[in-house]
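Per this note's numbering, the sequence shown starts with residue 2, numbered consecutively. Glycine included, C-beta positions come from ideal geometry on N, C-alpha and C.
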Amino acid sequence: SEPINVVVTGAAGQIAYSLLYQLAAGTVFGPNQPINLKLLDIPVMMDVLQGVVMELEDLALPLLREVTPTADPAVAFDKAAAAFLVGAMPRKQGMERKDLLSANVKIFKVQGEALDKYARKDVKVLVVGNPANTNAIICSHYAPSIPKENFTAMTRLDQNRAQAALASRLGVQ
(Lines of atoms letter the chains of each structure in order from A; the text may use other names.)
(Lines give C-alpha, C1' and ligand atoms only; values in the text may rest on other atoms or scores of the structure.)
Protein backbone atom coordinates (compact mmCIF):
# COMPACT_ATOMS: atom_id res chain seq x y z
CA SER A 2 0.00 0.00 0.00
CA GLU A 3 0.93 3.66 -0.31
CA PRO A 4 3.03 5.17 2.48
CA ILE A 5 1.36 7.64 4.83
CA ASN A 6 3.06 10.79 6.08
CA VAL A 7 3.59 10.81 9.84
CA VAL A 8 4.82 13.94 11.65
CA VAL A 9 6.70 13.89 14.94
CA THR A 10 7.46 17.25 16.54
CA GLY A 11 10.20 17.72 19.09
CA ALA A 12 11.78 14.90 17.11
CA ALA A 13 15.29 15.38 18.52
CA GLY A 14 14.03 14.95 22.10
CA GLN A 15 14.08 11.89 24.34
CA ILE A 16 10.33 11.17 24.26
CA ALA A 17 10.24 11.32 20.46
CA TYR A 18 13.36 9.14 20.31
CA SER A 19 11.54 6.29 22.06
CA LEU A 20 8.48 6.75 19.81
CA LEU A 21 10.27 6.85 16.45
CA TYR A 22 11.33 3.20 16.42
CA GLN A 23 7.78 2.07 17.26
CA LEU A 24 6.44 4.13 14.35
CA ALA A 25 9.10 2.97 11.90
CA ALA A 26 8.87 -0.72 12.87
CA GLY A 27 5.12 -0.96 12.23
CA THR A 28 4.00 -1.22 15.86
CA VAL A 29 1.69 1.80 15.58
CA PHE A 30 0.12 1.56 12.11
CA GLY A 31 0.50 -2.17 11.55
CA PRO A 32 2.85 -4.50 9.69
CA ASN A 33 1.49 -3.62 6.24
CA GLN A 34 1.49 0.19 6.39
CA PRO A 35 4.61 1.90 5.03
CA ILE A 36 5.34 5.37 6.38
CA ASN A 37 7.25 8.53 5.56
CA LEU A 38 8.49 10.16 8.75
CA LYS A 39 8.57 13.95 8.87
CA LEU A 40 10.69 15.01 11.85
CA LEU A 41 10.12 18.59 13.03
CA ASP A 42 12.27 20.42 15.52
CA ILE A 43 13.69 23.88 16.11
CA PRO A 44 16.66 25.02 13.98
CA VAL A 45 19.18 24.72 16.82
CA MET A 46 18.37 20.98 17.07
CA MET A 47 19.02 20.12 13.41
CA ASP A 48 22.45 18.55 14.06
CA VAL A 49 21.00 16.28 16.75
CA LEU A 50 18.08 15.46 14.45
CA GLN A 51 20.48 14.48 11.69
CA GLY A 52 21.95 11.89 14.08
CA VAL A 53 18.45 10.52 14.73
CA VAL A 54 17.88 10.27 10.96
CA MET A 55 21.14 8.33 10.54
CA GLU A 56 20.11 5.89 13.28
CA LEU A 57 16.72 5.33 11.64
CA GLU A 58 18.39 4.74 8.27
CA ASP A 59 20.84 2.27 9.86
CA LEU A 60 17.89 0.16 11.05
CA ALA A 61 16.87 -0.47 7.41
CA LEU A 62 13.26 -1.08 8.43
CA PRO A 63 11.17 -2.15 5.42
CA LEU A 64 8.12 -0.03 6.33
CA LEU A 65 10.12 3.19 6.66
CA ARG A 66 10.24 4.69 3.17
CA GLU A 67 11.45 8.26 3.77
CA VAL A 68 12.77 10.30 6.69
CA THR A 69 12.66 14.08 6.37
CA PRO A 70 14.25 16.22 9.09
CA THR A 71 13.04 19.83 9.02
CA ALA A 72 12.54 23.02 11.00
CA ASP A 73 9.79 24.12 8.58
CA PRO A 74 6.21 23.28 9.64
CA ALA A 75 5.04 23.54 5.99
CA VAL A 76 7.40 20.71 5.03
CA ALA A 77 6.63 18.64 8.13
CA PHE A 78 2.83 18.77 7.93
CA ASP A 79 2.51 18.41 4.15
CA LYS A 80 -0.15 15.72 3.45
CA ALA A 81 0.18 14.41 7.03
CA ALA A 82 -2.11 11.50 7.91
CA ALA A 83 -0.98 11.44 11.55
CA ALA A 84 0.83 13.89 13.80
CA PHE A 85 2.46 13.23 17.15
CA LEU A 86 3.00 16.62 18.77
CA VAL A 87 5.68 15.75 21.28
CA GLY A 88 7.60 19.02 21.30
CA ALA A 89 6.59 21.66 23.83
CA MET A 90 8.33 24.25 25.96
CA PRO A 91 9.50 22.55 29.16
CA ARG A 92 8.91 24.36 32.43
CA LYS A 93 12.21 25.74 33.64
CA GLN A 94 13.16 26.54 37.21
CA GLY A 95 11.64 29.82 38.32
CA MET A 96 9.34 29.97 35.29
CA GLU A 97 5.81 31.22 35.95
CA ARG A 98 2.96 29.08 34.66
CA LYS A 99 1.71 31.99 32.52
CA ASP A 100 5.13 32.25 30.82
CA LEU A 101 5.04 28.54 30.03
CA LEU A 102 1.51 28.82 28.63
CA SER A 103 2.48 31.84 26.55
CA ALA A 104 5.43 29.99 25.01
CA ASN A 105 3.29 26.94 24.26
CA VAL A 106 0.51 29.03 22.71
CA LYS A 107 3.05 30.27 20.15
CA ILE A 108 4.27 26.73 19.39
CA PHE A 109 0.84 25.12 19.08
CA LYS A 110 -0.63 28.05 17.14
CA VAL A 111 2.04 27.61 14.45
CA GLN A 112 1.49 23.84 14.39
CA GLY A 113 -2.30 24.22 14.26
CA GLU A 114 -2.04 26.65 11.36
CA ALA A 115 0.32 24.28 9.53
CA LEU A 116 -2.03 21.34 10.13
CA ASP A 117 -4.93 23.41 8.81
CA LYS A 118 -3.07 24.52 5.69
CA TYR A 119 -1.00 21.47 4.73
CA ALA A 120 -2.22 18.25 6.41
CA ARG A 121 -4.89 15.89 5.16
CA LYS A 122 -8.32 16.88 6.48
CA ASP A 123 -8.68 13.45 8.11
CA VAL A 124 -5.34 13.75 9.96
CA LYS A 125 -5.26 12.25 13.45
CA VAL A 126 -3.37 14.37 15.99
CA LEU A 127 -1.99 13.15 19.32
CA VAL A 128 -0.74 15.94 21.57
CA VAL A 129 1.88 14.67 24.00
CA GLY A 130 3.68 17.89 25.00
CA ASN A 131 2.45 19.17 28.38
CA PRO A 132 0.12 20.69 29.32
CA ALA A 133 -1.31 18.30 26.72
CA ASN A 134 -5.00 19.14 27.14
CA THR A 135 -4.37 22.90 26.87
CA ASN A 136 -1.99 22.47 23.95
CA ALA A 137 -4.50 20.24 22.13
CA ILE A 138 -7.28 22.81 22.36
CA ILE A 139 -4.95 25.59 21.20
CA CYS A 140 -3.79 23.50 18.25
CA SER A 141 -7.33 22.50 17.25
CA HIS A 142 -8.48 26.12 17.50
CA TYR A 143 -5.93 27.13 14.86
CA ALA A 144 -6.87 24.17 12.62
CA PRO A 145 -10.59 24.84 12.07
CA SER A 146 -10.80 22.69 8.91
CA ILE A 147 -9.84 19.57 10.86
CA PRO A 148 -12.59 17.95 12.96
CA LYS A 149 -12.15 18.53 16.70
CA GLU A 150 -12.58 14.79 17.35
CA ASN A 151 -9.35 14.17 15.41
CA PHE A 152 -7.36 15.77 18.26
CA THR A 153 -6.41 13.72 21.31
CA ALA A 154 -4.39 14.78 24.34
CA MET A 155 -2.29 12.19 26.11
CA THR A 156 -3.24 12.89 29.71
CA ARG A 157 -2.63 9.51 31.35
CA LEU A 158 -0.08 11.05 33.74
CA ASP A 159 -2.76 13.45 34.98
CA GLN A 160 -5.20 10.55 35.39
CA ASN A 161 -2.65 8.49 37.33
CA ARG A 162 -1.89 11.42 39.65
CA ALA A 163 -5.61 12.05 40.27
CA GLN A 164 -6.22 8.36 41.02
CA ALA A 165 -3.27 8.25 43.43
CA ALA A 166 -4.44 11.41 45.24
CA LEU A 167 -7.99 10.07 45.51
CA ALA A 168 -6.81 6.66 46.74
CA SER A 169 -4.58 8.33 49.32
CA ARG A 170 -7.46 10.45 50.65
CA LEU A 171 -9.74 7.42 50.81
CA GLY A 172 -7.04 5.31 52.43
CA VAL A 173 -7.17 2.59 49.76
CA GLN A 174 -4.61 1.07 47.42
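Can you find the residues in the same chain that come closer than 6 Å, C-beta to C-beta, to residue i, ignoring five residues on each side of it along the sequence?
i: residue 143; result: 110, 113, 114
i: residue 38; result: 7, 68
Kindly indicate which residue of the options has the alpha-carbon position closest to the one of residue i.
i: residue 129; options: 86, 149, 139; result: 86
i: residue 2; options: 20, 18, 32; result: 32
i: residue 148; options: 21, 116, 61; result: 116
i: residue 105; options: 91, 126, 95; result: 91
i: residue 22; options: 52, 43, 62, 10; result: 62
i: residue 101; options: 27, 18, 136; result: 136
i: residue 60; options: 81, 27, 146, 9; result: 27
i: residue 52; options: 82, 132, 18, 10; result: 18
i: residue 141; options: 132, 103, 153; result: 153
i: residue 124; options: 161, 131, 82; result: 82
i: residue 159; options: 131, 107, 34, 43; result: 131
i: residue 43; options: 139, 134, 11; result: 11
Between residue i and the rest of its own chain, which residues show a CB-CB distance below 8 Å, the 5 nearest in sequence each way excluded?
i: residue 36; result: 4, 5, 6, 7, 24, 25, 30, 64, 65, 66
i: residue 1; result: Not covered by the structure: residue 1. The range shown for the chain is 2 to 174.
i: residue 75; result: 115, 118, 119
Are residue i and residue j closer than 8 Å when you measure CB to CB?
i: residue 13; j: residue 50; result: yes
i: residue 45; j: residue 70; result: no
i: residue 120; j: residue 163; result: no
i: residue 41; j: residue 89; result: no
i: residue 126; j: residue 151; result: yes
i: residue 72; j: residue 47; result: yes
Put residue i into one of helix, strand or coil per three-state DSSP.
i: residue 153; result: strand
i: residue 110; result: helix
i: residue 16; result: helix
i: residue 161; result: helix
i: residue 9; result: strand
i: residue 125; result: strand
i: residue 43; result: coil
i: residue 33; result: coil
Residues in the same chain with beta-carbon distance under 7 Å from residue i, minus the five sequence neighbours each way, listed in chain order, please.
i: residue 167; result: none
i: residue 146; result: 117, 122
So is residue i in contact with chain C if we call contact Cβ pairs under 8 Å?
i: residue 59; result: The chain inventory of the structure shown lacks chain C, comprising one protein chain alone.
Completely contained beta strand (DSSP E) runs for the stretch 59 to 94, where each covers 3 or more residues: Taken in chain order, the complete beta strand (DSSP E) segments of 3 residues or longer contained in the stretch 59 to 94 are 65 to 71, 81 to 86.
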